[in-house]
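J.: Below is the structure I would like to discuss, written out as C-alpha cells.
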Amino acid sequence: MRRYFPILDWLAVYDKPTFGADLMAALIVTIMLIPQSLAYALLAGLPAEVGLYASIAPLLVYAVFGTSRTLAVGPVAVVSLMTAAAVGQIAAQGTAEYLGAAIAMAVLSGLILLCMGLLRLGFIANFLSHPVISGFISASAVLIAVGQLPGILGIAAPGHTLVAVATGILTGISGLNPVTLLIGGFALGFLWWARTRLKAALLRAGVRPGLAGVIVRAAPVLAVALTTLATWGFGLAAHGVAVVGDIPTGLPMPALPPLDPALWQAILLPAALISLVGYVETVSVAQTLAAKRRQRIDPDQELVALGAANIGAGLSGGFPVTGGFARSVVNFDAGAQTPAAGAFTALAMALATLFLTPLLSHLPKATLAATIIVAVLGLVDLAAIRRVWASNRADFAAMAATILLTLLVGVEAGIAAGVALSILLHLYRTSQPHVAVIGQVQGTEHFRNVRRHTVTTVPDVLALRIDEALYFPNARFLEDTLLGAVAEDKAIRHIVLNCVAVNDIDSSAVESLEAINARLHDAGVQLHLAEVKGPVMDRLLRTHLLHDLTGAVHLTMYDAMLALAPQAARDCRALPRCETAKP
Numbered sequence: 001m002r003r004y005f006p007i008l009d010w011l012a013v014y015d016k017p018t019f020g021a022d023l024m025a026a027l028i029v030t031i032m033l034i035p036q037s038l039a040y041a042l043l044a045g046l047p048a049e050v051g052l053y054a055s056i057a058p059l060l061v062y063a064v065f066g067t068s069r070t071l072a073v074g075p076v077a078v079v080s081l082m083t084a085a086a087v088g089q090i091a092a093q094g095t096a097e098y099l100g101a102a103i104a105m106a107v108l109s110g111l112i113l114l115c116m117g118l119l120r121l122g123f124i125a126n127f128l129s130h131p132v133i134s135g136f137i138s139a140s141a142v143l144i145a146v147g148q149l150p151g152i153l154g155i156a157a158p159g160h161t162l163v164a165v166a167t168g169i170l171t172g173i174s175g176l177n178p179v180t181l182l183i184g185g186f187a188l189g190f191l192w193w194a195r196t197r198l199k200a201a202l203l204r205a206g207v208r209p210g211l212a213g214v215i216v217r218a219a220p221v222l223a224v225a226l227t228t229l230a231t232w233g234f235g236l237a238a239h240g241v242a243v244v245g246d247i248p249t250g251l252p253m254p255a256l257p258p259l260d261p262a263l264w265q266a267i268l269l270p271a272a273l274i275s276l277v278g279y280v281e282t283v284s285v286a287q288t289l290a291a292k293r294r295q296r297i298d299p300d301q302e303l304v305a306l307g308a309a310n311i312g313a314g315l316s317g318g319f320p321v322t323g324g325f326a327r328s329v330v331n332f333d334a335g336a337q338t339p340a341a342g343a344f345t346a347l348a349m350a351l352a353t354l355f356l357t358p359l360l361s362h363l364p365k366a367t368l369a370a371t372i373i374v375a376v377l378g379l380v381d382l383a384a385i386r387r388v389w390a391s392n393r394a395d396f397a398a399m400a401a402t403i404l405l406t407l408l409v410g411v412e413a414g415i416a417a418g419v420a421l422s423i424l425l426h427l428y429r430t431s432q433p434h435v436a437v438i439g440q441v442q443g444t445e446h447f448r449n450v451r452r453h454t455v456t457t458v459p460d461v462l463a464l465r466i467d468e469a470l471y472f473p474n475a476r477f478l479e480d481t482l483l484g485a486v487a488e489d490k491a492i493r494h495i496v497l498n499c500v501a502v503n504d505i506d507s508s509a510v511e512s513l514e515a516i517n518a519r520l521h522d523a524g525v526q527l528h529l530a531e532v533k534g535p536v537m538d539r540l541l542r543t544h545l546l547h548d549l550t551g552a553v554h555l556t557m558y559d560a561m562l563a564l565a566p567q568a569a570r571d572c573r574a575l576p577r578c579e580t581a582k583p
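So the sequence shown is numbered by my numbering: it starts at 1 and just counts up by one.
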C-alpha cells in the first residue's frame, strides 16, 4: 500500500509545525497560480475557468500518489502550447468540440502515464536526451512569447509556427489597438521590473528577505488587479480592449470526457508526446528539489501520480497538467514540507473559483499575455546551447534540429524529431564504441590506452579494451575491428579482449564473438577474454563460446599477460613506476 500510496508515509508523522509550513507555502503558491492558471488556459485556447479547474483536482490527487514533497502540479506553458497545437487540428477554438478534445487529451495522457507507471517504464524517458529536451523547451518558450505578442498589440495573428505568427503580426499590425498596447505594455514592463529589480529594491529599503520574496511573487496578482480596475473604471472594453469576460462561478462537476473512438485515435500520438514531455519535466524538477533536502523520489511512482493527476484534471473539466519548474521552486523556497501544501493550494484555488471569478470579468487578456511572456522567457536557456556546442557537436546538431523544427513546423514535429534524434544518436554512439589498444604501465599491473600513456606492449599480443555493452548494433563493428587488426599486423598470435567496461551482452554479440573466434582460429590467432563481469559471464556460460574459445578467460589483464608473455609482464612490473601521460 505504501508503494502506491506515499501519503501513508508522510501523513503518519504529520505535525503542527509541518502544517504551518505547508499552509504558508500554499498561500504563496496560490497567489502565483491564480493568474498563471488563467493565462495558460487561454494559451491552450480554452476558456479561462478551465485553468482554474485544472489547478484543483490534480493537486489533490498528486498529494495522495506523489513521492516528491515539494512538486507543484498544474498547467504549464509548454504543455498548454502542445495542447493547443494538437487540439487545434481537430476542432475550432471556442467550440464545445475543442473543449471536449482537450479534456479527452488530459484523460488519455493520464491513462498512458498510469500504464507506464504500473509497468515500471520510467526508464523510457531516458531516451530523450537533455540537449534535445532543453532545445525543445527553449524553442517552445520563444514560440509562446511570440505567440502572445498579438494579445499585447490587440490584433489577431493565429498560427502555431514562428513564421505563421510573425506573418500574422506583420499583416495585422495596421489594426493595432493603442489602448490594448498601453495596458499590455504596462503589464509587461511592470512584471519584468518586478521579476528582475523589485526584490533588490525591497531589500535596500529594509524589507525582510522572506517578505520581499512574497511581494515579488504577488506582482502578477497586482498587475491583474490594477489593469482590471483600470479596464472597469474607464470602460476600456468599449475601446476594443479584449477582456476575459464572464467566468462561471462554482466548482466543476465530475464528468466523463467524450468517448468518441475517432477522437481518441486522433489525439493518441499528441497525448503520448505530451505525456513524455510532461514526465521528463516533472521528474527533472522533482529530483532536483529532492536532492537539495537529501530526499528521494520514485520515478515509476511519479508516472502513476502524474497519470492520476491528469485523469483527475480531465474528469473535472481541465486539460493536461504536469509539474511546473517555477511553481515548484516557489513551493520549495516557501518552505513546503509535504504534498499537503499542494492539497491546501487546491482548496485555495477552489475558494477562488467560488468567490473571485466575478471580479475577473474585466481582466484584460493583454495582461494575461504579458504574464505568459514574462513566465516563459526564463525557460530560454542560451547558456545550454553554448555549452552543448562546445562539448559535443552531435548533441548540438540534434538540439539545433529540434529547435528549428519546433519553431518552423510546430511543437509536435519538434518533440517527435527530438525523440527520434535522441534514439538515433544513442544507437549511433553505441554502434561504434570506443576501442582502445592497451599496454602495461611500467611498475604496475595496470593497463592503459597506448595513445594516452607511456606503456609497454608485446609484439605478438594485441590487447584491446571495448568501452561499451556488446549488443546487436555494435556486434558487426567489433567483428570488423578485431579481424581488421589481425589483417594489418601479421605478427599477432593472441588477441586479449578486455571486458572491464562491458556491462551486458546479447545473443547477437555472442554469435559475433563465436564467428570471430572461428575466423581467428583459421588465421592462427587465439582469442582471450579478461576481466569479464559476473552478469556477462553468466550469459556466456549458457552458450558454446567458452567451450569453443581458442584462448582462455583471465581474471585480470595482468594474469593474461603472465600467461602469454610472462617475462615481459614481470620485467615491466619490476621497472620504476612511470606516471607520464601523453597529451
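No residue lacks a Cβ here, since even glycine has one placed at the ideal position from N, Cα and C.
Among Leu256, Thr249 and Glu302, whose alpha-carbon lies nearest the alpha-carbon of Ser275?
T.: Along the sequence shown, one-based indexing puts residue 275 at 275. Checking every option, the nearest Cα to that of Ser275 belongs to Glu302.
J.: Locate the alpha helix (DSSP H) running through Arg148, then write down its first and last residues.
T.: The residue labelled residue 148 in the question sits at position 148 within the sequence shown. The question names Arg, but residue 148 in the sequence shown is Gln. Residues His130 to Leu153.
J.: Run the CB neighbour count on Arg69, radius 10 Å, all protein chains shown included, and call it buried at 16 or more, exposed below.
T.: If you number the sequence shown from 1, residue 69 lands on position 69. Flag for Arg69 reads buried.
J.: Could you tell me which uninterrupted beta strand (DSSP E) segments, each at least 3 residues in length, are contained entirely in the region 523 to 580, listed from first to last along the chain?
T.: List check, beta strand (DSSP E) in window: 526 to 530.
J.: Would you mind reading off the limits of the beta strand (DSSP E) that contains Ala463?
T.: By 1-based counting over the sequence shown, the position of residue 463 is 463. Taken as a continuous stretch (DSSP letters only), the beta strand (DSSP E) holding Ala463 covers Val461 to Ile466.
J.: At what residues does the alpha helix (DSSP H) containing Ile311 begin and finish?
T.: In the sequence shown, residue 311 corresponds to position 311, counting from 1. Pro299 to Leu315 is the span of the alpha helix (DSSP H), which, as asked, contains Ile311.
J.: Measuring straight from C-alpha to C-alpha, what distance separates Arg451 and Ala102?
T.: Position 451 of the sequence shown, counting from 1, holds the residue named residue 451. Position 102 of the sequence shown, counting from 1, holds the residue named residue 102. Rounded to the nearest angstrom, the two C-alpha atoms are 58 Å apart.
J.: Can you list, in chain order, the residues of its chain with a C-beta nearer than 8 Å to that of Trp264? Leave out the 5 residues immediately preceding and following it.
T.: Looking up residue 264 in the sequence shown gives position 264. Answer for Trp264: Ala104 and Leu108, listed in chain order.
J.: Output the boundary residues of the alpha helix (DSSP H) element that contains Ile28.
T.: Stepping through the sequence shown from its first residue, residue 28 is reached at position 28. Lys16 to Leu43 is the extent of the alpha helix (DSSP H) around Ile28.
J.: Is the region 191 to 208 touching the region 250 to 267 in the sense that three or more CB pairs, one from each, lie closer than 8 Å?
T.: These segments do not touch.
J.: If Ala569 and Leu562 are in contact, beta carbons under 8 Å, what's the gap, nearest whole angstrom?
T.: The sequence position of residue 569 within the sequence shown is 569, counting from 1. The sequence position of residue 562 within the sequence shown is 562, counting from 1. At roughly 5 Å, the Cβ-Cβ gap stays under 8 Å, so Ala569 and Leu562 are in contact.
J.: Who are the Cβ neighbours of Met1 in its own chain at under 7 Å, not counting the five residues just before and after it?
T.: Indexing the sequence shown from 1 puts residue 1 at position 1. Hits under 7 Å: Leu8.
J.: Out of curiosity, what's the CA-to-CA distance linking Thr345 and Leu59?
T.: Here residue 345 corresponds to residue number 345 of the sequence shown, with the count starting at 1. Here residue 59 corresponds to residue number 59 of the sequence shown, with the count starting at 1. Their backbone Cα atoms lie some 8 Å apart in a straight line.
J.: When burial is assigned at 16 or more other CB atoms within 10 Å of the CB, is Gln567 buried or exposed?
T.: Translated into the one-based positions of the sequence shown, residue 567 becomes position 567. Under this definition Gln567 is an exposed residue.
J.: Does the distance from the CB of Tyr40 to the CB of Pro75 come in under 8 Å?
T.: Along the sequence shown, one-based indexing puts residue 40 at 40. Along the sequence shown, one-based indexing puts residue 75 at 75. Yes, the pair counts as a contact, with Cβ atoms nearer than the cut-off.
J.: Give the DSSP-derived three-state secondary structure of Asn449 in the structure shown.
T.: Translated into the one-based positions of the sequence shown, residue 449 becomes position 449. Note: Asn449 maps to strand in three-state DSSP.
J.: Report the option in Lys533, Phe325 and Thr196 whose CA atom is closest to the CA atom of Ala72.
T.: By one-based count along the sequence shown, residue 72 stands at place 72. Cα-wise, what sits closest to Ala72 is Phe325.
J.: State the Cα-Cα distance for the pair Ala397 and Val458, rounded to the nearest angstrom.
T.: Within the sequence shown, numbered from 1, the residue matching residue 397 stands at position 397. Within the sequence shown, numbered from 1, the residue matching residue 458 stands at position 458. Answer to the nearest angstrom: the Cα atoms are 41 Å apart.
J.: For Pro604, does the count of other Cβ atoms within 10 angstroms reach 16, so buried, or fall short, so exposed?
T.: In the structure as shown, the chain begins at 1 and stops at 583. Residue 604 is therefore absent and cannot be evaluated.
J.: Enumerate in chain order the residues of its own chain whose CB-to-CB distance from Glu531 is below 8 Å, with the five nearest sequence positions on each side excluded.
T.: Locating residue 531 in the sequence shown gives position 531, counting from the first residue. Cβ neighbours of Glu531 beyond the five flanking positions: Asn498, Cys499, Val500, His554, Leu555, Thr556 and Met557.
J.: Determine the direct distance from the alpha carbon of Leu564 to that of His494, and round the result to whole angstroms.
T.: Working through the sequence shown from its first residue, we reach residue 494 at position 494. Working through the sequence shown from its first residue, we reach residue 564 at position 564. If you take the alpha carbons of His494 and Leu564, they lie about 8 Å apart.
J.: What do you get for Gln432, buried or exposed, if any count of 16 or more other CB atoms within 10 angstroms of its CB means buried?
T.: For this step, residue 432 is matched to residue 432 along the sequence shown. Burial call: exposed.
J.: Can Val525 and Val486 be called in contact, C-beta distance under 8 Å?
T.: The residue given as residue 525 occupies position 525 in the sequence shown. The residue given as residue 486 occupies position 486 in the sequence shown. In contact: Val525 and Val486 (Cβ atoms closer than 8 Å).
J.: Taking 6 Å as the limit between beta carbons, can you name the residues of its chain near Ala54, skipping five residues before and five after?
T.: For this step, residue 54 is matched to residue 54 along the sequence shown. If we look at Ala54 and ignore the five residues flanking it on each side, its Cβ neighbours are Pro75, Ala313, Gly318, Phe319 and Val321.
J.: To the nearest angstrom, how far is it from the Cα of Ala366 to the Cα of Trp192?
T.: As a working mapping, residue 366 is identified with position 366 in the sequence shown. As a working mapping, residue 192 is identified with position 192 in the sequence shown. Whole-angstrom Cα-Cα distance: 15 Å.
J.: Could you check where the alpha helix (DSSP H) with Ile103 kicks off and where it finishes?
T.: Translated into the one-based positions of the sequence shown, residue 103 becomes position 103. Note, Ile103: alpha helix (DSSP H), Ala96 to Leu118.
J.: Could you give the residue range of the alpha helix (DSSP H) that holds Asn498?
T.: Position 498 of the sequence shown holds residue 498. Where Asn498 is concerned, there is no enclosing alpha helix (DSSP H), although the beta strand (DSSP E) it sits in stretches over His494 to Asn498.
J.: For Cys572 and Ala272, what's the separation of their Cα atoms in angstroms?
T.: Numbered from its first residue, the sequence shown carries residue 572 at position 572. Numbered from its first residue, the sequence shown carries residue 272 at position 272. Cα to Cα, Cys572 sits roughly 58 Å from Ala272.
J.: For Thr196, count neighbouring Cβ atoms within 10 angstroms of its own Cβ and tell me buried if that reaches 16, exposed if not.
T.: As a position in the sequence shown, residue 196 is number 196, starting the count at 1. With fewer than 16 Cβ atoms within 10 Å of its Cβ, Thr196 is classed as exposed.
J.: Please state whether DSSP places Ile215 in a helix, a strand or coil.
T.: Numbered from 1 along the sequence shown, position 215 holds the residue referred to as residue 215. The answer is helix: DSSP assigns Ile215 an H, G or I state.
J.: Measuring straight from C-alpha to C-alpha, what distance separates Leu229 and Phe332?
T.: Here the question's residue 229 lines up with position 229 in the sequence shown. Here the question's residue 332 lines up with position 332 in the sequence shown. Computed Cα separation, rounded: 32 Å.
J.: In the structure shown, what three-state DSSP assignment does Ile438 receive?
T.: Here residue 438 is taken as the residue at index 438 of the sequence shown, counted from 1. Of the three classes helix, strand and coil, the one that applies to Ile438 here is strand, per DSSP.
J.: If you draw a straight line from the alpha carbon of Asn449 to that of Val437, how long is it in whole angstroms?
T.: Residue mapping note: residue 449 aligns to position 449 of the sequence shown, counting from 1. Residue mapping note: residue 437 aligns to position 437 of the sequence shown, counting from 1. C-alpha separation (whole angstroms): 6 Å.
J.: On the CB-based measure, 16 or more other CB atoms within 10 Å of its CB, does His362 come out buried or exposed?
T.: The residue labelled residue 362 in the question sits at position 362 within the sequence shown. So His362 ends up on the buried side.
J.: Here's the rule: buried if 16 or more other CB atoms are within 10 angstroms of the residue's CB, otherwise exposed. What is Leu119?
T.: As a position in the sequence shown, residue 119 is number 119, starting the count at 1. Leu119 is exposed by the Cβ-count criterion.
J.: Nearest-angstrom Cα distance between Leu42 and Val179?
T.: As a position in the sequence shown, residue 42 is number 42, starting the count at 1. As a position in the sequence shown, residue 179 is number 179, starting the count at 1. C-alpha separation (whole angstroms): 20 Å.
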